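Per UniProt numbering, the very first residue in the sequence shown carries number 1; after that it's consecutive. All C-beta atoms, glycine included, are put in the ideal place defined by N, C-alpha and C. Being a predicted model, the structure only gives us computed values, none of them experimental. Note sheet for the following structure.
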Amino acid sequence: MPLSHILLLSTALFFIGMYGMFTRRNLITILMSIELMLNSVNINFVAFNKYLYPEQLNGVFFTIFIITIAAAEAAVAIAIIINLYRSHHSIDVESAEEMKY
């Protein structure tokens, strides 16, 4: 499989995630869109590692680090979403404006 096909898949996933992040109002779908964007970056790291430096594992280590950070980010975001739902009875982005101040 050529590198261009993998990069095309990764680009499509990234822009689908970006579209979901900018057009959705539900905080959970925004979180899923961010995770989709992070996964597309992981695909890029693994693909470039395989094609440019097949004897090294730098891309794989970056991918494992990003997966770890994404899991921590998801846990914190879900905790914030639960607190928002408890206080406002909604997980809509417009109801989160009161949390700014």
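Return the chain-ordered list of same chain residues with a C-beta closer than 6 Å to the C-beta of residue i, the five sequence neighbours on each side being excluded.
i, result
"Ile6", "Ala47"
"Ile67", "none"
"Arg24", "Ile30"
"Arg86", "none"
"His88", "Ser95"
Within the same chain, show all residues whose beta-carbon is closer than 8 Å to that of residue i, passing over the 5 residues directly before and after it, in chain order.
i, result
"Asn26", "Ile91, Asp92 and Val93"
"Gln56", "Asn49"
Using only alpha-carbon positions, find the residue among the options that is nearest to residue i.
i, options, result
"Ala71", "Ile28, Leu9, Pro2 and Glu35", "Glu35"
"Ala74", "Thr23, Ile30 and Leu57", "Ile30"
"Ile81", "Met32, Ile69, Glu55 and Thr23", "Met32"
"Tyr19", "Pro2, Leu3, Met37 and Asn49", "Met37"
"Phe62", "Asn83, Asn42, Met1 and Tyr85", "Asn42"
"Ala79", "Leu8, Met21 and Ile28", "Ile28"
Grab me the residues of residue i's own chain with a C-beta within less than 7 Å of its C-beta, minus the 5 sequence neighbours each way, in chain order.
i, result
"Ser40", "Ser10, Leu13, Phe14 and Gly17"
"Leu3", "Ala47 and Tyr51"
"Asn58", "Asn49"
Looking at residue i: is its Cβ nearer than 8 Å to the Cβ of residue j?
i, j, result
"Asn44", "Val60", "no"
Less than 8 Å between CB atoms is the rule here; does residue i satisfy it with respect to chain E?
i, result
"Val76", "Absence of chain E from the displayed structure is noted, only one protein chain being present."
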